[in-house]
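First comes the structure, then the notes that go with it.
Structural data, given as structure tokens:
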């Protein structure tokens with residue numbers, strides 16, 4: 022039978038599923054049937070070849086699951102090696118008295134190469150090789166396999182649930198879900214099999230040591246007692262054969278142990294291990310340059326092998342220089358033209374997401390938001406968000422910054438839920454000098470108005486900063502102007518930024534402090550939407566909600582009597598009265614207030630009783646004029662402008678003055694704490 026016919030028969034057996042059983046029977050037969058030395062040479066060489074091929078297959082595989090048959094291959098190769106050990110032991114003990122070549126040229130070559138004329142040295146080398154295989158490589162691979170199998174099995178339920186969730190959400194088809202489940206199951210089976218297969222290598226290493234001892238002792242007894250050899254000749258022959266036989270088995274065992282360790286420590290990547298090592302270890306010029314420097318320093322130390330260290334330093338330095346030049350060339354090369362792609366089909370993901378807070382800048386303001394160019398605006402915005410979150414009482418959403426070529430080069434625009442709410446122009450190369458109301462001179466520059474508070478200001482050259490401060494001006498840079506304007510916009514629109522998600526997050530925070538109160542409040546006493554509207558009403562009037570427990574207790578008390586958000590907000594304001602008044606007037610013992618004239622109060626009370634929710638236009642105009650004059654006088658006197666009204670009128674007048682007289686605070690009588698003295702400074706007629 023020629024070789025091609027033999028290969029055809031092997032292919033036919035493989036197609037019929039007979040290849041694995043036949044190979045297994047052949048391996049088991051080797052333990053019983055005596056093998057001639059030439060056959061042993063062929064099988065030992067085949068064993069080493071298989072070990073090398075398996076190791077290279079592990080090195081070049083992209084992910085462990087691509088070599089899913091590795092545990093079975095490991096079992097077959099281990100059985101083959103043990104069968105060869107049994108067959109070689111038989112030959113060594115039967116024909117060892119004939120000389121070093123009695124068990125074949127492979128065993129003789131390995132024995133003579135390692136022994137080198139000194140049997141003690143050969144024995145020590147074999148023991149060291151076995152210890153390295155058993156205590157280092159095999160032990161480490163076994164531990165990694167065990168831990169990996171445990172983690173994979175622990176994560177199996179979560180992966181299955183994630184696949185079911187994606188399937189129910191329509192993110193994958195049933196076929197894709199079935200394929201994913203098969204991958205998860207195969208991964209669990211693979212690492213579980215690797216955990217068990219690593220025990221084969223450990224047992225094989227132990228068997229190698231025991232077989233060596235048995236061959237030496239048995240050979241000495243057989244050689245001296247049966248064949249009449251002297252103790253020295255028997256020791257020479259059988260020790261050489263035993264060590265050669267052990268090395269022939271331990272070399273492929275070490276290769277396979279290394280393969281197991283490499284496979285179980287691999288991560289799934291789009292590169293094989295060689296590419297990963299070159300790219301991650303030897304592909305970094307900085308690492309090689311530092312290594313070259315250290316080697317060069319060691320090379321100049323007296324007494325060291327200077328030539329070797331300096332040679333390796335030069336090699337590392339040269340490779341680092343070549344890699345650095347290659348990276349610079351790749352960075353400066355123009356990108357390849359993008360291949361034309363067919364337009365993708367539209368989907369729901371193509372709908373643009375609206376950011377809660379947006380900042381659009383002209384191209385001249387881009388350096389302000391680029392930290393690499395020294396821009397400080399990003400840090401200022403982060404500080405604004407942190408301070409407002411602490412002051413107002415809920416997490417301020419992130420500010421999405423983008424450039425807008427439609428704006429003027431030095432202009433910016435602030436948006437809330439995608440709608441522009443403010444716009445201003447700044448000068449990034451100048452500072453803004455604010456006029457606080459009392460200055461001692463004028464400044465040369467661009468006259469303007471502060472975008473945050475409407476104060477008169479001047480854009481001055483940066484060199485005139487100290488001069489402006491000596492004249493009484495408050496000087497700020499461009500980033501501070503934008504950040505302060507953003508802070509004002511967030512405070513004015515905080516009620517629009519607060520929604521159901523934020524309300525639910527506050528309920529969760531309350532549950533940590535007062536779990537029973539949070540459990541009884543939402544949703545037992547109040548639905549979440551009513552709770553949200555109450556907090557929005559407070560934020561619309563710039564009342565912080567950071568004292569959440571006080572708010573929750575007030576709502577829990579008032580909720581059984583009313584579910585009206587306006588009435589509930591009024592009840593909460595009474596509970597927060599001390600906080601509200603303190604933020605308006607500080608710790609001053611007196612609170613200057615404006616009140617309503619008796620006729621005007623009666624007209625408004627009658628309007629509410631008749632079901633009116635708005636003020637008659639003519640009356641509204643006269644009220645607006647009187648309230649504006651009163652608020653202006655208070656501001657000029659350096660005092661807060663407060664309008665004190667009956668409880669029922671407060672929501673109506675607060676809504677009326679919110680936009681028309683923004684500096685006016687509308688309080689009810691019940692909101693003023695008992696320790697505050699009220700000083701009436703005028704009445705609105």
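Residue numbers (our numbering): 22 to 706. Note that CB positions come from ideal geometry on N, CA and C, so glycine has one too. All of these numbers come straight from a predicted model, not from anything done at the bench.
Inspect the beta-carbon positions of residue 577 and residue 593 and report whether they are closer than 8 angstroms.
Counted from its first residue, the chain shown places residue 577 at position 556. Counted from its first residue, the chain shown places residue 593 at position 572. The answer is no: Cβ separation not under 8 angstroms.
Once you ignore the five residues that flank residue 661 on each side, which residues in its own chain have a CB closer than 7 angstroms to its CB?
Here residue 661 refers to the residue found at position 640 of the chain shown. Result list for residue 661: 605, 606, 655, 686, in chain order.
Own chain residues within Cβ distance below 7 angstroms of residue 478, not counting five before or after:
Taking the chain shown and counting its residues from 1, one reaches residue 478 at position 457. Only 453, 454, 455, 456, 469, 470, 471 meet the Cβ criterion.
Residues that residue 237 bridges to, as DSSP identifies them
Taking the first residue of the chain shown as 1, we reach residue 237 at position 216. Bridge partners of residue 237: none, in fact.
If you draw a straight line from the alpha carbon of residue 442 to that of residue 434, how long is it in whole angstroms?
Here residue 442 corresponds to residue number 421 of the chain shown, with the count starting at 1. Here residue 434 corresponds to residue number 413 of the chain shown, with the count starting at 1. Rounded to the nearest angstrom, the two C-alpha atoms are 8 angstroms apart.
Note the first and the last residue of the continuous alpha helix (DSSP H) segment covering residue 444.
Here residue 444 refers to the residue found at position 423 of the chain shown. No alpha helix (DSSP H) contains residue 444, which is instead part of the beta strand (DSSP E) from 440-446.
In whole angstroms, give me the CA-to-CA distance for residue 240 and residue 328.
The residue given as residue 240 occupies position 219 in the chain shown. The residue given as residue 328 occupies position 307 in the chain shown. Approximately 49 angstroms between the Cα atoms of the pair.
Proximal residues to residue 614 (C-beta, below 8 angstroms), its chain only, five neighbours per side dropped:
In the chain shown, the residue the question calls residue 614 occupies position 593. Closer than 8 angstroms at Cβ, skipping near neighbours: 663, 664, 665, 688, 699, 700, 701, 702.
Alpha-carbon to alpha-carbon, residue 531 and residue 569
What you label residue 569 is simply residue 548 of the chain shown in a count that begins at 1. What you label residue 531 is simply residue 510 of the chain shown in a count that begins at 1. Rounded to the nearest angstrom, the two C-alpha atoms are 7 angstroms apart.
How about residue 439 and residue 375: do their beta carbons lie closer than 8 angstroms?
Translated into the one-based positions of the chain shown, residue 439 becomes position 418. Translated into the one-based positions of the chain shown, residue 375 becomes position 354. Yes, the pair counts as a contact, with Cβ atoms nearer than the cut-off.
Quick one: measure Cβ to Cβ for residue 127 and residue 65, integer angstroms, because I've assumed they're closer than 8 angstroms.
Locating residue 127 in the chain shown gives position 106, where the first residue counts as 1. Locating residue 65 in the chain shown gives position 44, where the first residue counts as 1. With a Cβ gap of about 4 angstroms, residue 127 and residue 65 count as contacting.
How would you call residue 348, buried or exposed, if buried means at least 16 neighbouring beta carbons within 10 angstroms?
Residue mapping note: residue 348 aligns to position 327 of the chain shown, counting from 1. Label assigned to residue 348: exposed.
Whose C-alpha, out of 265, 597, 683, is nearest the C-alpha of residue 230?
Locating residue 230 in the chain shown gives position 209, where the first residue counts as 1. For the residues 265, 597, 683, the minimum Cα distance to residue 230 belongs to 265.
Does the distance between the C-beta of residue 63 and the nearest non-hydrogen atom of the ligand GDP fall short of 7 angstroms?
Absence of the ligand GDP is noted for the structure shown, with no ligands found whatsoever.
Rounded C-alpha distance that separates residue 388 from residue 394
Residue numbering aside, residue 388 sits at position 367 when the chain shown is read from its first letter. Residue numbering aside, residue 394 sits at position 373 when the chain shown is read from its first letter. Going from the Cα of residue 388 to the Cα of residue 394 covers about 6 angstroms.
Residue 470 by DSSP, collapsed to three states: which one?
Taking the first residue of the chain shown as 1, we reach residue 470 at position 449. Strand.
Cα-Cα separation, residue 305 to residue 507
Mapped onto the chain shown, residue 305 falls at position 284. Mapped onto the chain shown, residue 507 falls at position 486. Near 44 angstroms, if we compare the C-alpha coordinates of residue 507 and residue 305.
Using 8 angstroms as the threshold, is the segment 521-540 in touch with the segment 476-496, meaning 3 or more CB pairs across them?
no
Note down, in chain order, each residue of its chain lying with its Cβ closer than 8 angstroms to the Cβ of residue 611, except the 5 sequence neighbours on either side.
Locating residue 611 in the chain shown gives position 590, counting from the first residue. 697, 698, 699, 700.
Check each candidate in 410, 417, 429, 59 and name the one with the smallest Cα separation from residue 378.
Residue numbering aside, residue 378 sits at position 357 when the chain shown is read from its first letter. It is 417.
Contact between the segment 479-491 and the segment 519-526 is defined here as three or more beta-carbon pairs at a separation below 8 angstroms; is this criterion met?
no
Start-to-end residues for the alpha helix (DSSP H) that takes in residue 642:
Here residue 642 is taken as the residue at index 621 of the chain shown, counted from 1. That run of the alpha helix (DSSP H) goes 638-657.
Ignore the nearest five residues each way along the sequence and tell me which others in residue 596's own chain have a CB closer than 6 angstroms to its CB.
Taking the first residue of the chain shown as 1, we reach residue 596 at position 575. If we look at residue 596 and ignore the five residues flanking it on each side, its Cβ neighbours are 571, 575.
Within 10 angstroms of its Cβ, does residue 77 collect 16 or more other Cβ (buried), or is it exposed?
Stepping through the chain shown from its first residue, residue 77 is reached at position 56. The residue in question, residue 77, is exposed, as its Cβ has fewer than 16 Cβ neighbours within 10 Å.
I need the boundaries of the alpha helix (DSSP H) containing residue 315, first residue and last residue.
Taking the chain shown and counting its residues from 1, one reaches residue 315 at position 294. Segment 306-320, the alpha helix (DSSP H) holding residue 315.
Give a yes or no on contact between the segment 149-166 and the segment 259-275, applying the rule of three or more CB pairs nearer than 8 angstroms.
yes
Counted within 10 angstroms of its Cβ, other Cβ atoms place residue 716 as buried (16 or more) or exposed
Residue 716 is absent from the model: the chain starts at 22 and stops at 706.
Taking Cβ to Cβ, would you say residue 381 is nearer than 8 angstroms to residue 423?
Against the chain shown, residue 381 aligns to sequence position 360. Against the chain shown, residue 423 aligns to sequence position 402. Result yes, Cβ atoms of residue 381 and residue 423 sit closer than 8 angstroms.
Return helix, strand or coil for residue 688, following the three-state DSSP convention.
Taking the chain shown and counting its residues from 1, the one referred to as residue 688 is at position 667. Residue 688: strand per DSSP, three-state reduction.
Can you tell me whether residue 557 is buried or exposed, with buried defined as 16 or more other CB within 10 angstroms of its CB?
The residue labelled residue 557 in the question sits at position 536 within the chain shown. Classification of residue 557: buried, given that the 10 Å Cβ count is 16 or more.
Identify every residue that forms a DSSP beta bridge with residue 248.
Start at 1 with the first residue of the chain shown, and residue 248 comes out as number 227. Partner(s): none; residue 248 has no beta bridge.
For a test of the three-state rule: what should DSSP assign to residue 675, helix, strand or coil?
On the chain shown, residue 675 is found 654 positions in, with the first residue counted as 1. In the structure shown, residue 675 sits in a helix (DSSP, three-state: H, G or I).
Is residue 450 helix, strand or coil when you go by DSSP?
On the chain shown, position 429 is the one that residue 450 refers to. It is coil, neither helix nor strand.
Are the Cβ atoms of residue 282 and residue 82 separated by less than 8 angstroms?
Here the question's residue 282 lines up with position 261 in the chain shown. Here the question's residue 82 lines up with position 61 in the chain shown. In this structure, residue 82 does not lie closer than 8 angstroms to residue 282 by Cβ.
If we require 4 or more residues per run, which alpha helix (DSSP H) segments fall completely within the segment 552-611?
569-579, 586-596, 598-606
Rounded to the nearest angstrom, what separates residue 291 and residue 88 at their Cα positions?
Sequence index remark: in the chain shown, residue 291 carries index 270 (1-based). Sequence index remark: in the chain shown, residue 88 carries index 67 (1-based). At residue 291, the pLDDT of 48 sits below 50, so the modelled position is not reliable; the number obtained from the coordinates is stated separately. When rounded, the distance between both Cα atoms is 15 angstroms.
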